Amino acid sequence: MPPRATSALLAVAACAAATTPLSRGLDALPRPHHPTASPTPPATWRQRELDDVFAAIVEHEAAKYNASFSLAFQMGDQVSAAAAGVVDPAGTRAAVDDKYAWGSITKMATGASILKLVADGALALDDRMAPRVDSFLAKLSARPDWNETWSTVGELWGVANVSKTTIRELLGMESSVPDFDTANNCHPSPCENTDPLRATLYETGVAYTPTELMAVPWVAGSWRGPCTPYHEGTAPFCYSSTGFMLLGMILADALNASSPEALDQNAFLPKDVATRISWANDGRPPSAYADVHGHDRTSYNQRAGRAGDHDDYDVPGVFAGWTASDIVADASAVADLAWNIYGTKTVTPNSDLMIPSNGGLGKDYEIYGLATFNLAGDTGQTGKWGDAYGHLGATYGYQSVVAYFPHLNASMAIATSLETDTQQHPSDALCLAYNKAVDVLYGVSHACNFTAGSYYSGDCDCEPIVV
């Protein structure tokens with residue numbers, strides 16, 4: 042599904058007519074830094090203390106936001122997890138093995154799978170995307186249930202437009218492929234936030250297939266202009282979940298899948314991770330996969346100044362977007378997924394290509410690497426302690442984040458049963474939990490606070506970590 046949650050950094054409005062909101066403002070960009078070589082003593086895993094501090098944090102966050110939270114922190118084969126809040130109308134208490142819809146966290150897995158094909162020599166990052174997508178579309182259009190008037194991306198967007206677009210540009214959110222998400226945020230408030238696709242999905246209760254989403258009027262024939270930097274000193278960034286459906290088609294074609302449902306999205310994942318993840322690619326709602334009712338408390342399609350409270354547990358459109366937004370799992374499985382992508386590199390040996398640049402050394406600051414957000418702004422730190430990357434997820438009723446911290450060789454995943462306009466709550470929990478984890482692991486103490494900001498901004502404000 043369309044993740045309006047993307048890196049807590051910048052707004053997509055600069056490159057899309059239909060805005061894809063983000064959770065940070067320009068002032069949240071961390072200062073460029075150069076990695077330091079100063080040694081850090083080994084961390085000491087303290088299970089009980091970690092369990093206790095994480096339990097306290099999720100209880101605090103669940104009460105603060107009136108939602109369920111589930112958190113998992115992993116270093117190697119050691120895991121600490123906590124959950125709080127209630128997950129359904131009956132008041133069932135949250136548990137650490139509850140399964141959530143994670144929205145755009147899916148993109149991290151899709152991107153790593155594409156890079157595995159690159160590592161294996163089956164693809165190249167600078168291959169043109171059109172021939173490979175068209176090869177899969179040829180299989181779909183030959184089926185008797187094909188109802189579209191087009192069968193190639195050239196027919197959809199124009200041959201001249203698609204002919205130069207590369208796999209690298211799709212992975213890096215630097216293409217001109219239009220986004221199917223119609224969340225059109227407005228500010229300053231109060232004002233009317235509109236989201237026609239959301240309204241349609243809620244009203245009809247019907248899930249859109251990937252090709253149906255490509256055929257909607259604001260996507261078909263709506264090729265965007267060249268992707269440009271949102272701000273001086275940053276790399277180009279134009280968010281598009283449609284682009285990750287195209288990557289899914291490239292992946293499906295390479296793996297000889299005959300349809301979106303037939304694609305094995307676990308193909309390159311370790312078995313012990315794959316068995317704990319479901320992929321909601323068959324048009325069913327969260328109630329078919331997950332334990333948790335997600336609540337849409339955004340102001341989209343509400344009167345100015347009002348927020349809704351829609352239970353999305355039975356809305357199939359929660360998973361609209363296929364390989365952009367269909368992952369279902371508990372928090373420990375998602376933390377393990379990130380650790381196997383970025384830490385052990387078990388999923389693909391070239392996952393370092395995914396890492397966004399923090400600027401410096403002649404490089405622009407990257408909001409997004411390859412299928413990976415720069416999450417340094419969520420740590421409250423600079424230098425080696427501020428390095429963090431992964432993905433944010435948002436879909437109807439659910440928002441989340443997963444991060445990898447290279448200096449710790451650790452990952453953290455946070456799921457929630459809440460979707461809001463500003464999408465600050467996953468970053469709030471990450472800010473507090475990451476910094477407290479460092480305190481426990483190293484026996485130190487430093488103050489840390491998350492302050493809500495204006496539209497799509499928030500501040501993880503922490504004292505420097507001294508170890």
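For the sequence shown, position 297 matches number 338 in my numbering, and the numbering has no gaps at all. Ideal Cβ placement from N, Cα and C applies to all residues, glycine included. From a predicted model like this one, the values you see are computed outputs, not experimental measurements.
Quick check on Tyr-483: does DSSP put it in helix, strand or coil? Assignment of Tyr-483 by DSSP, reduced to helix, strand and coil, places it in the helix class.
Euclidean distance between Cα positions of Pro-73 and Glu-215: Because the pLDDT of Pro-73 is 39, which lies under 50, any placement of that residue in the model is unreliable, and the number read from its coordinates should be weighed accordingly. One alpha carbon belongs to Pro-73, the other to Glu-215, and they sit about 21 Å apart.
Closest Cα partner of Asp-428 within the set Tyr-437, Ala-456, Phe-414 and Gln-440: Nearest of Tyr-437, Ala-456, Phe-414 and Gln-440 to Asp-428, Cα basis: Phe-414.
Does DSSP put Pro-76 in a helix, in a strand, or in coil? In this prediction, Pro-76 scores a pLDDT of 44, lower than 50, which makes its location untrustworthy; the coordinate-derived value is nonetheless stated afterwards. Three-state result, Pro-76: coil.
On the three-state DSSP scale, how would you describe Cys-472? Reduced to three states, the DSSP call for Cys-472 is helix.
Given a cut-off of 8 Å, decide if Tyr-271 and Asp-220 are closer than it, judged by their beta-carbon atoms. The Cβ-Cβ distance between Asp-220 and Tyr-271 does not fall below 8 Å.
So, with DSSP's three-state summary, where would you put Arg-239? In the structure shown, the three-state DSSP call for Arg-239 is helix.
Starting from the C-beta of Arg-184, find all residues in its chain whose C-beta is less than 6 Å away, skip the five residues before and the five after it, and write them out in chain order. Here the set comprises nothing.
First and last residue of the uninterrupted beta strand (DSSP E) at Lys-404: Per DSSP, the continuous beta strand (DSSP E) segment holding Lys-404 begins and ends at 404–406.
In terms of residues, what are the limits of the beta strand (DSSP E) holding Asn-490? Residues 489–493.
My guess is that Phe-309 and Thr-389 are in contact by the Cβ rule of under 8 Å, so how many angstroms apart are they, rounded? For a cut-off of 8 Å, the C-beta gap from Phe-309 to Thr-389 is around 7 Å, short enough to register as a contact.
Judging by CA-CA distance, which residue of Thr-364, His-466, Asp-480 and Arg-239 is the nearest neighbour of Gly-499? Residue His-466 is the option with its Cα nearest to Gly-499.
According to the Cβ coordinates, are Pro-303 and Leu-164 closer than 8 Å? Residue identity check: residue 303 is Ala in the sequence provided, not Pro. Contact flag unset, no.
Among Lys-312, Ile-318 and Thr-151, the one whose alpha carbon lies nearest that of Ala-370: For Ala-370, the nearest C-alpha among the options comes from Ile-318.
If contacts are defined as beta-carbon pairs under 8 Å, then Leu-292 and Val-174 qualify, I think. What distance do you get, rounded to the angstrom? Not confirmed; about 10 Å, so no contact.
If you count every other CB in all the chains shown that lies within 10 Å of the CB of Trp-187, and 16 or more means buried, which is it? It counts as exposed.
Could you name the residues that DSSP lists as bridge partners for Asn-415? DSSP lists Tyr-430 as partners of Asn-415.
Work out the CA separation of Arg-347 and Gly-66 for me, nearest whole Å. Residue confidence for Gly-66 is low, a pLDDT of 34 falling below 50, so the modelled location carries little weight; the figure read from the coordinates is stated next. Near 23 Å, if we compare the C-alpha coordinates of Arg-347 and Gly-66.
Ala-136 vs Ala-124 beta-carbon contact at 8 Å: It is a contact, given that the beta carbons lie within the stated cut-off.
Do you know offhand how far Cys-503's Cα is from Asp-377's? Within the model, the alpha-carbon separation for Cys-503 versus Asp-377 is close to 27 Å.
Straight-line gap, Ala-379 to Pro-301 (C-alpha atoms, nearest Å): Each residue's alpha carbon lies about 24 Å from the other.
For the beta strand (DSSP E) containing Met-286, list its first residue and its last residue. Annotation for Met-286: no beta strand (DSSP E) segment contains it, though the alpha helix (DSSP H) segment containing it runs 282–295.
Are the beta-carbon atoms of Ala-412 and Met-149 separated by less than 8 Å? Against a cut-off of 8 Å, the Cβ pair of Met-149 and Ala-412 comes out as a contact.
CA-to-CA distance, Ser-373 to Ser-452, given in whole angstroms: Counting only the Cα atoms, Ser-373 lies some 10 Å from Ser-452.
Contact under 8 Å by Cβ, Ser-121 with Phe-114: Yes.
Identify whether Thr-252 lies in helix, strand or coil by the three-state DSSP scheme. The DSSP-derived three-state label of Thr-252 is helix.
How would you label Asn-322, buried or exposed, when you count the other beta carbons within 10 angstroms and need 16 or more for buried? Buried, since its Cβ has 16 or more Cβ neighbours within 10 Å.
State buried or exposed for Val-247, treating a residue as buried only when at least 16 other CB atoms are found within 10 Å of its CB. Exposed, by the Cβ-count rule.
Classify Val-99 as helix, strand or coil using the three-state DSSP reduction. Looking at Val-99 - three-state DSSP - the assignment turns out to be helix.
Would the beta-carbon of Val-508 fall within 8 Å of that of Val-481? No, the Cβ-Cβ distance between Val-508 and Val-481 is not below 8 Å.
Within 10 Å of its beta-carbon, does His-75 have 16 or more other beta-carbons around it, so buried, or fewer, so exposed? Note that His-75 scores a pLDDT of 38, beneath 50, so its modelled location is shaky and nothing firm can be said.
Helix, strand or coil for Asn-322 per DSSP? In this structure, Asn-322 counts as coil in the three-state DSSP scheme.
Counting Cβ pairs closer than 8 Å, one from the segment 351–360 and one from the segment 382–396, do we hit at least three? Too few Cβ pairs lie closer than 8 Å, so no.
Have a look at Thr-387 and Cys-232 and give me their C-alpha separation to the nearest angstrom. Distance between the alpha carbons of Thr-387 and Cys-232: 47 Å.
Using three-state DSSP, classify Tyr-437 as helix, strand or coil. Here Tyr-437 sits in coil by DSSP.
Look up Glu-460 in the DSSP assignment and say whether it is helix, strand or coil. Glu-460: strand per DSSP, three-state reduction.
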